[in-house]
Amino acid sequence: MRKALLFIPFGVFVVLGVLFYMQLGKDVHYMPSALVGKPLPEFQLVPLESSELVGHESLPKGPYLINFWATWCPSCSIEHEYLMALAAEGVPIVGIDYKDEADAAKQWLLDKGDPYAVVLQDEMGYFGVDMGVTGAPETFVVDSQGRVAYRHQGVVNEAVWQTLQGYMR
Amino acid sequence: MMFPEIGHFALILAMFFAAALGVLPLIGYRTRNGLLLSSAVPLTYVTTALIFLSFVALTLAFVQDDFSVQYVAQNSNTLLPIWYKVSAVWGGHEGSLLLWALILGGWASAVARKSHTLPELTAPVVLAILGIVATGFIAFIVYTSSPFVRLLPETPVDGADLNPLLQDFGLIVHPPTLYMGYVGFSVAFAFAIAALITGNLNSSWARWARPWTNVSWAFLTLGITLGSWWAYYELGWGGWWFWDPVENASLMPWLAGTALVHSLAVTEKRGVFKSWTVLLAIFTFSLSFLGTFLVRSGVLNSVHAFAADPTRGVFILALLVVIIGSSLLLYALRAGEVRSSVSFGITGREAWLLLNNILLTILTLTVLLGTLYPLIFDALGLGKISVGAPYFNAVFGPIALFLIVLMGIGPIAKWHKTKGALLVRHAIAPALLAVLLSAIVYFVGDFDGWVWASLAIALWLSLMCFVEWFSKVAGKNSSLWTRAKKLPRAYYGMQLAHIGVAVALIGVIFVSANSVEKMVRLAPGESVEVNGYEFTFEGIKHVEGPNYVADTGVITVRENGKLIDTMHPQKRLYTTTRQVMTEASLSPGFTRDLYVSLGESLDQGAWGVRIYVKSFVRWIWLGGLMMMAGGLLAAFDPRYRKKAEVAHA
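Taken in sequence, the protein lines are chains L and S. Sequential numbering from 1 applies to the first sequence in the numbering used here. Sequential numbering from 1001 applies to the second sequence in the numbering used here.
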């Protein structure tokens, strides 16, 4: 009996080891959004190309992507090329020009091309707060029911799209 | 310059010599081959010298701004002051591991130097264990984290600069002292494993391991104290402990190490808890190792974490499994042979120290659970959670306070059995006095009830330390002074460390109960009153440092109309990294710190200013320093040297 007890520390260690192994390589910074499964929050924003406030009626019929971007964000220019490719495949993307200047944003889209179905300006970042955005770029999937299905922080690329695609229902 | 290549080559050689050190003496032990056994000491020295050479090579690369070396390019800059260039050697992942290896070599060499005081067969085995640990660690550096990788042919013109948070005196000294502690526990570990291998599980290994453990413990205490002090003045919001996973990673070995220091004492003096002490030595070093794993592998999210790299994680995990797993297996197979012959009563000092060990182990597991809980939760697919200060304060606080109550009693108890009447006679006056004095503070200061209780505990501990000392020195035959001088150094070490705990506790109580914090908007010329101090914002000066530009606020402080200090909090912009840093300004005092940091620049020259008056905050670190000094005092008690000589003869 006493002999068996001496194996307890070893046993606990083995369990911990397996646990650590399972956790290795996971992205610890990944944070799911609290909005997942909930309807997209209401908003009143001005599109880049006009001066009238619009709300949900300006959005495409789902499923679609919402992409927070800005001209001050270096990672956004990295993902831009991939967004162009997605748009060419017919994926509707709503761009939220986050805490940015309209003129700079227009110039950016002229220079690099415009992958967005519509671009809404969130100059003060209020919609960003409603969506729980912590920085740009961030991308949300909204499903055909108008509910937030998934949130991705950081650059969208081929690997990320594999994940996002699964939520486009 | 060839230095990085020389350093790299020296490190690879060191790995092979360490491997030889890990193998040859053990073969020598099995075959009783004197030549192989005697190879342990020279192999230790050669390994250490090679690691040192490698470390010097990296340091030279930093000093000479050799940006063709990737690690230098990532962590230094031509404008960086020279002392930060040197400390930048351990400012990143690769270099800090090299420092770890160097310190391990240093400890092993120190053991080698003292090896003549150990039995002929024990010393080589101890060094071989250290050799195995060193092999694993150096291999980890060589295969996954070499600091000598070159950026050729596209050498950057200048480096990316050291993280501004690390450009600070605290960060020059904090990692080396912390590692001295972490790695030092490998010596106690090696003694324990050697005892398991040789089957020599009598109390002598405890006597050899004690001074080493005390010194490591003292370094770890100093390292944690420095880390807390650094966080306090550098992070800009005046906290001194955050229950961050990496802080916890250093606290766990400290708690286990504290238990080890005490259980080694019992094992040496009374020959009990033998098997438990061995396990505790393994446990303490495992936690040091685990801390390294958690920080380096990126499985936990922390402000201290270096960039996550799964291959590194797998390597450390494999190391962890090999070294810790095999030790625990060896323990399971061998520790059953130990028999304790001595019994002890439930009032004896053994029992009090057992209680100390149980409580410290519970505290360690509490921190371990809190640190790993988010990980377990995530691994089981239950989602993301974080465990923060509320859990730790609620669970850790009461157990720690209970432990401190017992600290008052333990030293007064006698080995084997203590008469109840003796305990009561000694304890009654301090208990009453502590509760009474604390009550006065509680009513005068208008504090919460918990302040009364915890302050009473701190006072109780201090008074009991004094009573216990007095009971030893009071006597009729000779003067108090003669008797006081006769008490061993180790005894005063214990007393100092215990009083250090009381001092730190008083600091903790007041800093949380009696501190004031105010966030105000101040335009030039405006003042604000905080806790009897009048802070006047005189204006902003522009200052240029070697690698930053700064806005420096000039804030004068008056008490009763009299100028007592002028403070200069800064908002720095580091020009290379474009990082903004808040440098708080402190006006330290024995019973209070004034702490001012700049917030945002507002309109019309006004600034957001954060002002804190922190009560007794210095006492926390003063307590830490006292504990460290106590540990050192005990480690250098002459009796260890004497007994070692007897063992040799």
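By construction, the Cβ of each residue, glycine as well, lies at the ideal position given by its N, Cα and C atoms.
- prompt: Looking only at C-alpha atoms, which of L:Ile8, L:Gly17, L:Cys76 and L:Val91 sits nearest to lysine 112 (chain L)?
  reply: Position 112 of the first sequence, counted from the first residue, corresponds to residue 112 (chain L). The residue with the shortest Cα to Cα distance from lysine 112 (chain L) is L:Cys76.
query: What residues of chain S sit near glycine 17 (chain L), judged by a beta carbon separation below 9 Å?
result: Within the first sequence, the letter at position 17 stands for residue 17 (chain L). Around glycine 17 (chain L), the beta-carbon contacts reaching into chain S at under 9 Å are Leu1317, Leu1320, Val1321, Ile1324 and Gly1325.
message: Suppose you measure from the CA of leucine 1365 (chain S) to the CA of leucine 1287 (chain S); what does that come to, to the nearest Å?
response: Looking up residue 1365 (chain S) in the second sequence gives position 365. Looking up residue 1287 (chain S) in the second sequence gives position 287. Approximately 11 Å between the Cα atoms of the pair.
- prompt: Which chain S residues sit within Cβ distance under 7 Å of glutamine 165 (chain L)?
  reply: Your numbering for residue 165 (chain L) matches position 165 in the first sequence. Per Cβ cutoff of 7 Å: no residues; glutamine 165 (chain L) is ~22 Å from chain S at best.
- prompt: Which residue or residues does DSSP assign as beta-bridge partners of tryptophan 1607 (chain S)?
  reply: Start at 1 with the first residue of the second sequence, and residue 1607 (chain S) comes out as number 607. The partner list for tryptophan 1607 (chain S) (beta bridge, DSSP) reads S:Leu1522 and S:Ser1601.
- prompt: Under the rule that 16 or more other beta-carbon atoms within 10 Å means buried, what is proline 1245 (chain S), buried or exposed?
  reply: By one-based count along the second sequence, residue 1245 (chain S) stands at place 245. Buried is the call here.
- prompt: Residues of chain S with a CB under 8 Å from the CB of tyrosine 150 (chain L): which are they?
  reply: Against the first sequence, residue 150 (chain L) aligns to sequence position 150. None at all; the shortest Cβ gap to chain S is about 15 Å.
- request: Select from the stretch 1249 to 1261 of chain S all residues with a C-beta closer than 9 Å to any C-beta belonging to chain L, and list them in chain order.
  value: Cβ contacts with chain L come from no residue of the stretch 1249 to 1261 of chain S.
query: What are the start and end residues of the alpha helix (DSSP H) that includes serine 1038 (chain S)?
result: Mapped onto the second sequence, residue 1038 (chain S) falls at position 38. That run of the alpha helix (DSSP H) goes 1034 to 1038.
- request: Identify whether aspartate 1629 (chain S) lies in helix, strand or coil by the three-state DSSP scheme.
  value: On the second sequence, residue 1629 (chain S) is found 629 positions in, with the first residue counted as 1. The question names aspartate, but residue 1629 (chain S) in the sequence shown is alanine. Three-state result, alanine 1629 (chain S): helix.
- request: State the start and end residues of the unbroken beta strand (DSSP E) segment that holds serine 1527 (chain S).
  value: Locating residue 1527 (chain S) in the second sequence gives position 527, counting from the first residue. Per DSSP, serine 1527 (chain S) is one residue of the beta strand (DSSP E) stretching across 1527 to 1530.
- prompt: Quick one: does phenylalanine 20 (chain L) have its CB under 8 Å from some CB of chain S?
  reply: In the first sequence, counting from the first residue as 1, residue 20 (chain L) sits at position 20. Closer than 8 Å to some Cβ of chain S, the Cβ of phenylalanine 20 (chain L) qualifies, so yes.
- prompt: Does the beta carbon of arginine 169 (chain L) sit closer than 8 Å to a beta carbon anywhere in chain S?
  reply: Here residue 169 (chain L) is taken as the residue at index 169 of the first sequence, counted from 1. Arginine 169 (chain L) does not count as touching chain S.
Coarse secondary structure for valine 1303 (chain S), derived from DSSP in three states: The sequence position of residue 1303 (chain S) within the second sequence is 303, counting from 1. For valine 1303 (chain S), the pLDDT reaches just 42, beneath the cut-off of 50, and the residue's location in the model is therefore unreliable, although a value from the coordinates is still provided. Three-state DSSP puts valine 1303 (chain S) in coil, outside helix and strand.
task: Starting from arginine 1572 (chain S), follow its DSSP beta bridges and name the residues at the other end.
output: Position 572 of the second sequence holds residue 1572 (chain S). Note: arginine 1572 (chain S) sits in a beta bridge opposite S:Ala1550 and S:Met1581.
query: Taking the C-alpha atoms as reference points, what is the distance between proline 1569 (chain S) and alanine 1049 (chain S)?
result: Position 569 of the second sequence, counted from the start, is the residue given in the question as residue 1569 (chain S). Position 49 of the second sequence, counted from the start, is the residue given in the question as residue 1049 (chain S). The alpha-carbon atoms of proline 1569 (chain S) and alanine 1049 (chain S) are separated by roughly 44 Å.
field: Inter-residue spacing [alpha-carbon to alpha-carbon] between arginine 1425 (chain S) and glycine 1449 (chain S)
entry: What you label residue 1425 (chain S) is simply residue 425 of the second sequence in a count that begins at 1. What you label residue 1449 (chain S) is simply residue 449 of the second sequence in a count that begins at 1. One C-alpha to the other measures close to 28 Å.
Serine 1597 (chain S) versus threonine 1575 (chain S): straight-line alpha-carbon distance, rounded: In the second sequence, residue 1597 (chain S) corresponds to position 597, counting from 1. In the second sequence, residue 1575 (chain S) corresponds to position 575, counting from 1. Distance between the alpha carbons of serine 1597 (chain S) and threonine 1575 (chain S): 21 Å.
query: Among the residues of its own chain, which have a CB less than 8 Å from the CB of phenylalanine 1242 (chain S), if the five just before and after it don't count?
result: Translated into positions along the second sequence, residue 1242 (chain S) becomes position 242. So the list reads Ala1231 and Ala1389, once near-sequence residues are dropped.
message: Can you check which of these residues, L:Val142, L:Ala136, L:Leu48 and L:Leu164, is closest to leucine 35 (chain L) by C-alpha distance?
response: Residue numbering aside, residue 35 (chain L) sits at position 35 when the first sequence is read from its first letter. Leucine 35 (chain L) has its Cα closest to that of L:Val142, out of L:Val142, L:Ala136, L:Leu48 and L:Leu164.
- prompt: Closest Cβ-Cβ distance between leucine 1573 (chain S) and chain L: below 8 Å?
  reply: As a first step, residue 1573 (chain S) is located in the second sequence; it is residue number 573 there, counting from the start. Chain L, which has no Cβ nearer than 8 Å to the Cβ of leucine 1573 (chain S), makes this no.
field: Residue nearest to isoleucine 96 (chain L) in terms of C-alpha spacing, selected from L:Trp108, L:Gln162, L:Ala117 and L:Gln121
entry: For this step, residue 96 (chain L) is matched to residue 96 along the first sequence. Of the residues L:Trp108, L:Gln162, L:Ala117 and L:Gln121, the one whose Cα lies closest to the Cα of isoleucine 96 (chain L) is L:Gln121.
message: I need the DSSP call for phenylalanine 1470 (chain S), collapsed to helix, strand or coil.
response: On the second sequence, position 470 is the one that residue 1470 (chain S) refers to. In this structure, phenylalanine 1470 (chain S) counts as helix in the three-state DSSP scheme.
task: Give the residues of chain S in contact with methionine 9 (chain L), contact being defined as C-beta atoms less than 8 Å apart.
output: Counting from one through the first sequence, the residue named residue 9 (chain L) turns up at place 9. Strictly speaking, residue 9 (chain L) in this sequence is proline, with methionine absent from that position. In chain order: Leu1279, Ile1282, Phe1283, Leu1328, Tyr1331 and Ala1332.
query: I think alanine 1206 (chain S) touches leucine 1264 (chain S), with their Cβ atoms under 8 Å apart; what is that distance to the nearest whole Å?
result: Position 206 of the second sequence holds residue 1206 (chain S). Position 264 of the second sequence holds residue 1264 (chain S). Confirmed, Cβ separation roughly 5 Å.
- prompt: What residues in its chain sit with their C-beta under 6 Å from that of threonine 1536 (chain S), if we drop five residues either side in the sequence?
  reply: Against the second sequence, residue 1536 (chain S) aligns to sequence position 536. Contacts found: Ser1527 and Thr1556.
- prompt: Between the stretch 129 to 142 of chain L and the stretch 58 to 70 of chain L, are three or more C-beta pairs nearer than 8 Å?
  reply: Taking 8 Å as the limit for Cβ pairs, the verdict is that the stretch 58 to 70 of chain L does touch the stretch 129 to 142 of chain L.
query: Does the stretch 1088 to 1108 of chain S come close enough to the stretch 1132 to 1141 of chain S to have 3 or more Cβ pairs within less than 8 Å?
result: Pairwise C-beta distances place the stretch 1088 to 1108 of chain S in contact with the stretch 1132 to 1141 of chain S, as three or more of them are shorter than 8 Å.
- prompt: Are lysine 106 (chain L) and alanine 70 (chain L) touching if we call contact CB-CB under 8 Å?
  reply: Residue numbering aside, residue 106 (chain L) sits at position 106 when the first sequence is read from its first letter. Residue numbering aside, residue 70 (chain L) sits at position 70 when the first sequence is read from its first letter. In this structure, the beta-carbon distance from lysine 106 (chain L) to alanine 70 (chain L) does not fall below 8 Å.
message: glutamate 1468 (chain S) and alanine 1506 (chain S) - do their beta-carbons sit closer together than 8 Å?
response: Residue mapping note: residue 1506 (chain S) aligns to position 506 of the second sequence, counting from 1. Residue mapping note: residue 1468 (chain S) aligns to position 468 of the second sequence, counting from 1. Reading off the sequence shown, one finds isoleucine at residue 1506 (chain S), where the question assumed alanine. Not a contact, by the Cβ cut-off of 8 Å.
- prompt: What's the gap between the Cα of serine 1302 (chain S) and the Cα of phenylalanine 1447 (chain S)?
  reply: Against the second sequence, residue 1302 (chain S) aligns to sequence position 302. Against the second sequence, residue 1447 (chain S) aligns to sequence position 447. Model confidence at serine 1302 (chain S) stands at a pLDDT of 47, short of 50, so the residue's coordinates are unreliable and nothing is read from them.
Distance CB(glycine 1475 (chain S))-CB(glycine 1631 (chain S)) smaller than 8 Å: On the second sequence, position 475 is the one that residue 1475 (chain S) refers to. On the second sequence, position 631 is the one that residue 1631 (chain S) refers to. Taking 8 Å as the cut-off, the beta carbon of glycine 1475 (chain S) is found no closer than this to the beta carbon of glycine 1631 (chain S).
task: Measure the Cβ-Cβ separation of serine 978 (chain S) and alanine 1020 (chain S) and say whether it is below 8 Å.
output: Outside the displayed span of chain S (1001 to 1649) sits residue 978 (chain S), for which this structure offers no information.
Beta-bridge pairing of glutamine 153 (chain L) - partner residues as DSSP gives them: Residue mapping note: residue 153 (chain L) aligns to position 153 of the first sequence, counting from 1. Per DSSP, L:Glu138.
Three-state class that DSSP yields for isoleucine 1540 (chain S) in the structure shown: As a first step, residue 1540 (chain S) is located in the second sequence; it is residue number 540 there, counting from the start. Isoleucine 1540 (chain S): strand per DSSP, three-state reduction.
query: How would you list, in chain order, the residues of chain S whose beta-carbon sits under 9 Å from the beta-carbon of phenylalanine 140 (chain L)?
result: Here residue 140 (chain L) corresponds to residue number 140 of the first sequence, with the count starting at 1. Result: empty, since nearest Cβ-Cβ is about 18 Å, beyond 9 Å.
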